[in-house]
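To keep things clear, I will list the structure first and then write my remarks on it.
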Amino acid sequence: MNAEREQRDQRAGPDEPAARGEARGRPEPKEPRDWAWRVLDTPIGPLLLAATREGLALVGFHADERTTHRTLNRLRQAFGRDPLPEISHLTTASDELARYFDGGLRAFTVPLDWSLSSGFNERVLRVLAAHVAYGTVVGYQDLADRVGEPGAARAVGAAMGSNPLPVVVPCHRVVSSDGGIGGFGGGLETKRQLLALEGVLPQPLF
55 MNAEREQRDQ RAGPDEPAAR GEARGRPEPK EPRDWAWRVL DTPIGPLLLA
105 ATREGLALVG FHADERTTHR TLNRLRQAFG RDPLPEISHL TTASDELARY
155 FDGGLRAFTV PLDWSLSSGF NERVLRVLAA HVAYGTVVGY QDLADRVGEP
205 GAARAVGAAM GSNPLPVVVP CHRVVSSDGG IGGFGGGLET KRQLLALEGV
255 LPQPLF
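Just add 54 to wherever you are in the sequence shown, counting from 1, and you've got our numbering.
Below, the structure is given as structure tokens:
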């Protein structure tokens, strides 16, 4: 029964727009906020990074021209103004992600801006970021237990799908207890690559 429930849970997340790197619709902040963005080439494809003066706010998968254009329009609405050329947290995030993919970094230190998440989703993602370390995995039900909501495994699946900061906030480390790797907004092959990088899965032969 738990395995069946987790299979449903894992399907609850990947269709959420933020998991595909798109900022979900949020009320505009009371005051416009400074932000900047860039596209970073990585072994899992181009990532769109966006940061405010508070910290890294978005990591978006599959940042081709169309996806980038659509996401930037949504970020303009979310932050209330056009982007700046640069913000220091953006450089920090880019450097740390490059080191992560090179195998030289196991814990991110870039500050995070959680403004593209809220409520239960944010609670779950903060626990995930703080307590599920590099090279380890956690089940949907286990994560629900950790946030004190043992009946919310399905909602945890949705929270993973809503994650605006994948890789840095490691929703790829959330897996099914039946041995499957679970769902992932960036695609299952991307999830396999990230878990292989961290030693959870064997590296592909080619």
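Beta carbons: idealized from backbone N, C-alpha and C, even for Gly.
Item: What are the residues that DSSP puts in a beta bridge with R92?; Value: L103
Item: May I have the straight-line CA-CA distance separating I98 from L248, to the nearest angstrom?; Value: 8 Å
Item: G189 to V228, Cα distance in whole Å?; Value: 11 Å
Item: When you compare only the Cα positions, how much space is there between T96 and G239?; Value: 17 Å
Item: Would you say T96 touches the ligand FAD, meaning its beta carbon is less than 7 Å from a heavy atom?; Value: Of the ligands one can find in the structure shown there are none, so the ligand FAD has no counterpart to examine.
Item: Could you tell me whether any Cβ in chain C is nearer than 8 Å to the Cβ of D95?; Value: The chain inventory of the structure shown lacks chain C, comprising one protein chain alone.
Item: Specify the secondary structure class of A111 as computed by DSSP and reduced to three states.; Value: strand
Item: How far does the alpha helix (DSSP H) with S148 in it extend, from its first residue to its last?; Value: 142–155
Item: Which of the three DSSP states, helix, strand or coil, is assigned to V181?; Value: helix
Item: Our contact map puts S148 next to G193 with C-beta atoms below 8 Å; I'd like the distance itself, whole angstroms only.; Value: Actually they are not in contact, since the Cβ atoms of S148 and G193 sit about 32 Å apart, beyond 8 Å.
Item: Could you spell out the range, first to last residue, of the alpha helix (DSSP H) harbouring L129?; Value: 119–133
Item: Give me the Cα-Cα distance between G79 and A132, rounded to the nearest whole angstrom.; Value: Only weak support exists for where G79 lies, its pLDDT of 45 falling under 50; the value from the coordinates is given anyway. Near 7 Å, if we compare the C-alpha coordinates of A132 and G79.
Item: With distances taken from CA atoms, which of L219, T106, R120, G202 is nearest H143?; Value: T106
Item: Using a Cβ-Cβ cut-off of 8 Å (strictly less than) and excluding sequence neighbours within five positions of P100, which residues of its own chain qualify?; Value: V93, L94, H116, A117, D118
Item: Does P204 pass the burial test, meaning 16 or more other C-beta atoms within 10 Å, or should it be called exposed?; Value: exposed
Item: What are the boundary residues of the alpha helix (DSSP H) that G211 is part of?; Value: 207–215
Item: Do you know how far the Cα of R130 is from the Cα of V186?; Value: 32 Å
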